[in-house]
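Asker: End of the sequence shown sits at 130 in the UniProt record's numbering; the numbers just go up one at a time, nothing left out. C-beta: ideal position from N, C-alpha, C; glycine also. Fair warning: this is a prediction, and the values are worked out from it, not measured in the lab. This structure is in C-alpha cells; I'll ask about it shortly.
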Amino acid sequence: MNERLQELLDAVQRTASQVSDTAADAAYGVGKRAGELLSVAKLNIQIMDLKGEVGAALREVGEMIYATHTGTPTESEVLLAKLQEIDALRAQIGQLEQEIARLQGGAVCPFCGAPAQKGDVFCRECGGKL
C-alpha cells in the first residue's frame, strides 16, 4: 500500500510540475504580447506627433507660396529646406509604420516597405505586387 501511495504522490508531483511549466509559458507569452502592444502604442504616438509636425511644415510652405503670390517672394533655399524637412518627417513616419508592421507580424511591401493589410495583393503606396 505504501508503494501505491508513493506512485500516486509521484504522479501528482509530475502533473503539478507540468501545470506549473505550462502556466509559466503562458504567462511569458502574455507578458511578451503586452510588451509588443505597448511598443505599438508608443510608436503610434510618435507617428501622430510627426504627422502634426508635417502639417505645421505644410502650412508654413503654403504661407511662403502665398507670400510669393502677394509680392513678397520667399528665398528658394528656405522653401527647399522646408520641403526637405517634410520629406525627412515622412521618411521617419514610414520607418515607424514598418516597425509597427513588424511587431504586429503583418506583411510589408518588399519594394517601399509600406505596411500591407490582410488580403492585399498590391501595395497601397507604390502598387508593387506583394
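Classify Ile100: buried if its beta carbon has 16 or more other beta carbons within 10 angstroms, exposed otherwise.
Answerer: It counts as buried.
Asker: For Met64 versus Leu79, is the C-beta spacing smaller than 8 angstroms?
Answerer: yes
Asker: I'd like the span of the alpha helix (DSSP H) that includes Gly94, first residue to last.
Answerer: 76-104
Asker: Less than 8 angstroms between the beta carbons of Gly127 and Pro115, yes or no?
Answerer: Their beta carbons are not under 8 angstroms apart, which means Gly127 does not touch Pro115 by this criterion.
Asker: What residues in its chain sit with their C-beta under 6 angstroms from that of Phe111, if we drop five residues either side in the sequence?
Answerer: Cys126, Gly128
Asker: On a Cα-Cα basis, can you pick out the residue from Tyr66, Glu60, Thr70 that is closest to Lys82?
Answerer: Glu60
Asker: DSSP on Lys129, reduced to helix/strand/coil?
Answerer: strand
Asker: Within the present structure, is the beta-carbon of Gly105 separated from the nearest heavy atom of the ligand ADP by less than 7 angstroms?
Answerer: As presented, the structure is devoid of all ligands, the ligand ADP included, so that no description of it is given.
Asker: Assuming Ile93 and Ile47 make a contact with CB atoms under 8 angstroms, what is their CB distance in whole Å?
Answerer: 6 angstroms
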